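Here the structure comes first, spelled out in structure tokens, and everything after it is commentary.
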Amino acid sequence: MTNPDHLRQLRLAKDAMDRDWAEPLDLDAIAAHARYSRYHFVRAFKAVYGQTPGQYLSRRRVERAEEMLRTANLSVTEICTLVGFSSLGTFSARFKKQTGLSPSEYRAKHVGRGAALIPGCYAMLWAGGFSPSRAPVEKRP
Numbered sequence: 106m107t108n109p110d111h112l113r114q115l116r117l118a119k120d121a122m123d124r125d126w127a128e129p130l131d132l133d134a135i136a137a138h139a140r141y142s143r144y145h146f147v148r149a150f151k152a153v154y155g156q157t158p159g160q161y162l163s164r165r166r167v168e169r170a171e172e173m174l175r176t177a178n179l180s181v182t183e184i185c186t187l188v189g190f191s192s193l194g195t196f197s198a199r200f201k202k203q204t205g206l207s208p209s210e211y212r213a214k215h216v217g218r219g220a221a222l223i224p225g226c227y228a229m230l231w232a233g234g235f236s237p238s239r240a241p242v243e244k245r246p
């Protein structure tokens with residue numbers, strides 16, 4: 106798997122995961138970035154990076170959640186959604202497996218060791234949690 110063309114193709118898919126980590130990502134779409142079938146892509150990605158694409162994406166999402174737990178005044182549920190998890194239970198289990206702490210324990214341990222927490226409304230805006238389609242519509246008489 107040391108062929109430079111193979112590595113470049115896998116890097117394109119990895120870059121797509123790094124760029125779109127908070128979005129729901131489809132394995133077929135990611136594999137298409139590398140021009141592989143989903144099954145060949147999973148095997149090739151694991152051979153090169155030492156973990157499956159799903160494991161890699163989960164790790165990136167938990168890393169982003171760690172940052173938000175340290176810096177933003179958002180609930181664990183809001184952070185779970187913002188980093189791309191659809192299940193709070195899955196998020197909490199993966200977070201604890203990776204960090205050794207639950208999200209709440211992690212926050213309690215790390216908050217207060219630096220700058221003040223960013224207000225949740227600003228963090229949501231920055232993370233793309235607000236969109237024009239979700240914004241309430243003002244009704245005019």
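Numbering (the numbering used here), first residue to last: 106 to 246.
Yeah, the Cβ is synthetic: ideal placement off N, Cα and C, and Gly gets one too.
Fair warning: this is a prediction, and the values are worked out from it, not measured in the lab.
Whole-Å CB distance - residue i paired with residue j, under 8 Å assumed
i	j	result
Trp126	Arg175	So it is not a contact: roughly 18 Å between Cβ atoms.
Arg143	Leu130	About 12 Å; that fails the 8 Å criterion.
Residue i in three-state terms, based on DSSP
i	result
Ala177	strand
Gly159	helix
Gly194	helix
Glu128	coil
Cβ-based neighbour list, residue i, same chain, cut-off 6 Å, excluding 5 preceding and 5 following
i	result
Ser163	Arg199
Rounded straight-line distance, which links the Cα of residue j to that of residue i
i	j	result
Leu179	Asp110	42 Å
Ser209	Asn108	44 Å
Ala149	Lys119	12 Å
Gln203	Tyr161	12 Å
Arg212	Val181	9 Å
8 Å Cβ shell around residue i - same chain, five flanking residues per side excluded
i	result
Ser207	Ser197, Phe200 and Lys201
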